[in-house]
Amino acid sequence: MSGNAPDLEALARVYRSLRLIRRVEEEVARIYPSDKIKSPVHLSIGQEAVAVGICDVLKPDDVMSATYRGHAGYLAKGGNLKQMMAELYGKGTGCAGGKAGSMHLVDMSANVLGMSAVVGTTIPIAAGYALALAREGKGRIAAGFMGDGATEEGVFSETLNFAALHKLPILFVCENNGFAIHSPTSHRWASDALCERVATYGIPTQEITDGNVFSIRDAAEKAVGEIRAGGGPQFMECHTYRWREHVGPNEDYDDGYRNRDDFQFWRDNDQVAQTGDMLDASDRGAIDAEIEAEISEAVDFAEQSPWPKPEELFNHVFAD
Amino acid sequence: MSSPTDARTLSYVEALQEAVEQEMGRDENVFVIGLNVDDHKAIQGTTKGLIYKFGPERVMDTPLSEDAVTGISIGAAMAGMRPIHVHIRMDFLMLCMNQLVNMGAKAHYMYNGQLSVPMVSRSIIGKSWGQGAQHSQGLHSMFMHVPGLKVVAPTNAYDAKGCMIAAIRDNNPVIFVEHRLLYSTDAPVPKDPYTVEFGKARISGEGSDISLVGISYMLVECLAARDLLADVGISAEVIDPVSLMPLDIDTIAASANRTGKLLVVDNAWTAAGASAEIVAAVCERGGAMNVGRMGYAPTTCPTTPELEKEFYPNAATIAARAYAMVRPDDKPWMPDVEPTLPHEAAFRGPF
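Okay, structure coming up:
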């Protein structure tokens, strides 16, 4: 493994977060064919290390915005699992009362900004939140996640320029999984020098290619420290790999746009397994048991929660 | 609410400026953001002096980047600030559509009340002196279509100040529609801050034979048409919706039911527009009435004045249409007046 050797507490914390996300999403995939989850799900399975590595160095009052592939970010930042599961079920007890579903998760009690299904839209919104945090002057920062496809949107470049110009306290995180739905970056990028493009705005960048959660965490720790000290925005490109199909619970290695061999490196490099193996077996077993209980409780909560009442349709169209 | 006695005569520009300055003084979360808001022209004077009083952190010049700056405004609003994002023409709001429609309008609902977006998006519709295809569009109906956005189009200095203060204090995104030719108009404006409530139409001139609804600058043309109609013995009631979303159909429908005739004149195209919405909403309430709509010619706005004058409704064409609705058996009548009102004729641009 690369990255600094973590202390036991950090290791256990990181493993717990990785494992929770993996198991929650495996459970979502298991339940999905029952049609109880009435929301398109974009699973993060395989990509957990990015959200976990970044969020592990954020403080509770820092703000994080994620993408529609956002279960990992939501959980890594401390979003409420029961409310997330209820949201996927469309229940009134969901984090957004059933109005958001999987793609628009939100939990402001954990400073998880709302997610968006329109690629790239949350990039400037995270920056705007960071502008407000700068004015507040309490040292809080924002972390704005995006996929590789979002970097092709004009608003990405516009926001980088604005954030650099005003030295906004924001960490931009690109989760580069190599595909926009099914289109590889080779169909979309004239050059893969993403960090170099970003660096022209005067923004420090780091590219983490090995997918290692502690490499990501170390890079994030350095970046976040500098941002918090007033150094302005930073950018991280974290290479990763989506193990399941773009949307839905299944694998899609027989669909012709990629094959199982492509992902061998990532499978061999599974961060959930690797961090788990670093733990003492009994410690790991205890964490795993806790997670299973937590998930079971969340699924029960979702199953037993009531549907939203019809009059909820018109609630919150406008703020009072 | 101020007493009328402290009112001075202010221009529409001065009223807007005063509203923003007073609100920035009242609430430190209010800030102005947009290209050139801090320069010597100060958005035709509407942001005059703010940079000196409040500094560059609260009067932020921007890169053009309308898409990002809209998103940044939404993000800042979610965090509790109250941005006023300024555009010198409404046409540029097309660059903001993704953020306004997909995020700004929906955030409060989609996140079930966990976030709200208290922001104002100011924009100016241009007319005359060669504004042409891309400096003249009235695109308010696009925003009226989307739940979660409020749309206001005040037509006088009093409403400009009251609506701006209401918009800044509103906890939703408000599309604030201004018209360049209204900027030089003036009205008594109370000095103390006050709000003009959204969703309340104003009867700008009473009448009994026909109801004219004028949106944005067309309210001014409707009032001039009312004078022309009075000369031939027709009494026209003129209604200013003031806010388009929420829309006060009650007041408009009550007037239309009283006169039996409704002519809606929009500062925009008629197709799928505000005029269609108003006429449909009134008709849905029942009652026998004759309805009509006027608006931009269904073409792109040309720059040359010889074509441009054919593009817009004006007091004479509005009066002629109203006359035909009130006296359908008479031969057509067209008042013999210049197609431009005095303050429009005086306008020399460039913007």
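Residue numbers (the numbering used here), protein chains in the order written: chain A, 135 to 454; chain B, 462 to 812. No residue lacks a Cβ here, since even glycine has one placed at the ideal position from N, Cα and C.
Reference residue i; option with closest CA among the options
i	options	result
Glu182 of chain A	A:Gly382, A:His373, A:Glu270	A:His373
Asp631 of chain B	B:Ser582, B:Leu723, B:Cys683	B:Ser582
Arg663 of chain B	B:Ile695, B:Ala627, B:Pro615, B:Gly565	B:Pro615
Ala185 of chain A	A:Leu177, A:Ala200, A:Asp195, A:Asp196	A:Ala200
Ala276 of chain A	A:Arg153, A:Ala297, A:Ala244, A:Ile304	A:Ile304
Pro707 of chain B	B:Asn775, B:Ser665, B:Ser602	B:Ser602
Val253 of chain A	A:Cys308, A:Ser243, A:Asn403	A:Cys308
Gly495 of chain B	B:Tyr473, B:Thr470, B:Gly541, B:Cys557	B:Cys557
Thr656 of chain B	B:Ala594, B:Met625, B:Ala733	B:Met625
Gly541 of chain B	B:Asn573, B:Ile636, B:Ser577, B:Ala566	B:Ser577
Pro517 of chain B	B:Gln560, B:Asp528, B:Val493, B:Gln505	B:Val493
Leu723 of chain B	B:Ile739, B:Lys611, B:Asn497	B:Ile739
Asp386 of chain A	A:Val332, A:Asp404, A:His316, A:His321	A:His316
Gly271 of chain A	A:Asn449, A:Ala363, A:Thr409, A:Asn403	A:Ala363
Buried versus exposed call for residue i [16 or more other C-beta atoms within 10 Å across all chains shown]
i	result
Met795 of chain B	exposed
Lys170 of chain A	exposed
Asn393 of chain A	exposed
Asp488 of chain B	exposed
Gly419 of chain A	exposed
His176 of chain A	buried
Val693 of chain B	exposed
Lys514 of chain B	exposed
Thr531 of chain B	buried
Other residues of its chain near residue i: CB distance less than 7 Å, five sequence neighbours each side excluded
i	result
Leu142 of chain A	none
Leu413 of chain A	Leu145, Ala146, Tyr149
Arg746 of chain B	Ala714
Val562 of chain B	Val607
Ala758 of chain B	Glu771, Phe772
Arg156 of chain A	Ile179, Glu182, Val406
Val84 of chain A	As displayed, chain A neither begins before 135 nor continues past 454, which places residue 84 of chain A out of reach and without an answer.
Residue i versus residue j: straight-line alpha-carbon distance, rounded
i	j	result
Glu159 of chain A	His205 of chain A	8 Å
Met786 of chain B	Ser677 of chain B	23 Å
Leu294 of chain A	Gly365 of chain A	14 Å
Leu215 of chain A	Leu247 of chain A	15 Å
Met135 of chain A	Leu192 of chain A	Residue placement at Met135 of chain A is poorly supported in this model, since its pLDDT is 49, which falls under 50; the coordinates are not used for a value here.
Pro367 of chain A	Ala568 of chain B	25 Å
Leu267 of chain A	Asp500 of chain B	26 Å
Glu446 of chain A	Ala220 of chain A	16 Å
Ser291 of chain A	Ile337 of chain A	12 Å
Asp92 of chain A	Asp389 of chain A	Given a span of 135 to 454 for chain A in the structure shown, any question on residue 92 of chain A remains unanswerable.
Arg550 of chain B	Pro258 of chain A	22 Å
Leu802 of chain B	Asp528 of chain B	36 Å
Gln478 of chain B	Gly506 of chain B	7 Å
Thr285 of chain A	Val474 of chain B	40 Å
Ala427 of chain A	Ser168 of chain A	21 Å
Gly675 of chain B	Ala538 of chain B	32 Å
Met755 of chain B	Ile779 of chain B	8 Å
Ala806 of chain B	Lys792 of chain B	30 Å
Ala741 of chain B	Phe812 of chain B	35 Å
Beta-carbon gap between residue i and residue j smaller than 8 Å
i	j	result
Gly660 of chain B	Ser704 of chain B	yes
Thr508 of chain B	Val481 of chain B	yes
Ile350 of chain A	Ile188 of chain A	yes
Thr731 of chain B	Ser672 of chain B	no
Leu302 of chain A	Ala264 of chain A	yes
Ala717 of chain B	Met750 of chain B	yes
Ala436 of chain A	Tyr223 of chain A	yes
Arg641 of chain B	Ile585 of chain B	yes
Tyr570 of chain B	Val451 of chain A	yes
Gly609 of chain B	Asp727 of chain B	no
Glu484 of chain B	Ile629 of chain B	yes
Gly262 of chain A	Ile545 of chain B	no
Val381 of chain A	Pro174 of chain A	yes
Ala503 of chain B	Ala621 of chain B	no
Gly212 of chain A	Ala234 of chain A	no
Ala776 of chain B	Glu682 of chain B	yes
Tyr572 of chain B	Ala230 of chain A	yes
Met439 of chain A	Lys225 of chain A	A quick correction: the sequence has Ser, not Met, at residue 439 of chain A. Yes. Within cutoff.
Nonlocal neighbours in the same chain, by C-beta distance under 8 Å from residue i, ignoring five residues either side
i	result
Asn310 of chain A	Gly281, Asp282, Thr319, Leu328, Glu371, Cys372, His373, Thr374
Trp400 of chain A	Gly180, Gly345, Thr374, Tyr375, Trp377
Gly288 of chain A	none
Gly510 of chain B	Gln478, Glu482, Ala503
Phe553 of chain B	Glu527, Ser584
Sequence-distant residues of the same chain with beta carbon closer than 6 Å to residue i, five excluded per side
i	result
Asn617 of chain B	Ala648
Ile695 of chain B	Asp670, Val787
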